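The opening residue of the sequence shown carries number 3 in the numbering used here; numbering runs sequentially from there. All C-beta atoms in this analysis are idealised placements derived from N, C-alpha and C, irrespective of residue type, glycine included. These figures come from a predicted structure and were not determined experimentally.
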Amino acid sequence: MPPTQRPSINKRNREQAKREKQQEKAARRAERAVERKNREAAAADGEDPDLVGIVPGPQPRNDDDL
3 MPPTQRPSIN KRNREQAKRE KQQEKAARRA ERAVERKNRE AAAADGEDPD
53 LVGIVPGPQP RNDDDL
């Protein structure tokens, strides 16, 4: 057995790792697209998810603020 691996084996391993990484990225992109559509659908209901539970107007005072 030669002391080092042949360049073709190294290249094949690099290309395989690159393909796997591309597949993982494509899966993450697809997942984010689904999540984005779900958020847009929730926002279409008329209520901003960032503002849920916030009461407009003066806020109650905390004794710690004095």
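Separation of residue j from residue i, as counted between CA atoms
| i | j | result |
| --- | --- | --- |
| Asp22 | Arg34 | Here the sequence assigns Glu to residue 22, which means Asp is not the residue at that position. Approximately 18 Å between the Cα atoms of the pair. |
| Asp126 | Pro9 | The chain is shown from 3 up to 68; residue 126 falls before or after that span and cannot be answered. |
| Glu17 | Ala32 | 23 Å |
| Pro60 | Lys27 | 46 Å |
| Ala29 | Arg38 | 14 Å |
Any non-hydrogen atom of the ligand COA within 7 Å of residue i CB
| i | result |
| --- | --- |
| Lys20 | Ligands in the displayed structure: none, and consequently the ligand COA is not present. |
Reduced DSSP secondary structure (H/G/I, E/B, other) of residue i
| i | result |
| --- | --- |
| Arg63 | coil |
| Glu42 | helix |
| Glu33 | helix |
Same chain, Cβ closer than 6 Å to residue i, five either side skipped, listed in chain order
| i | result |
| --- | --- |
| Val36 | none |
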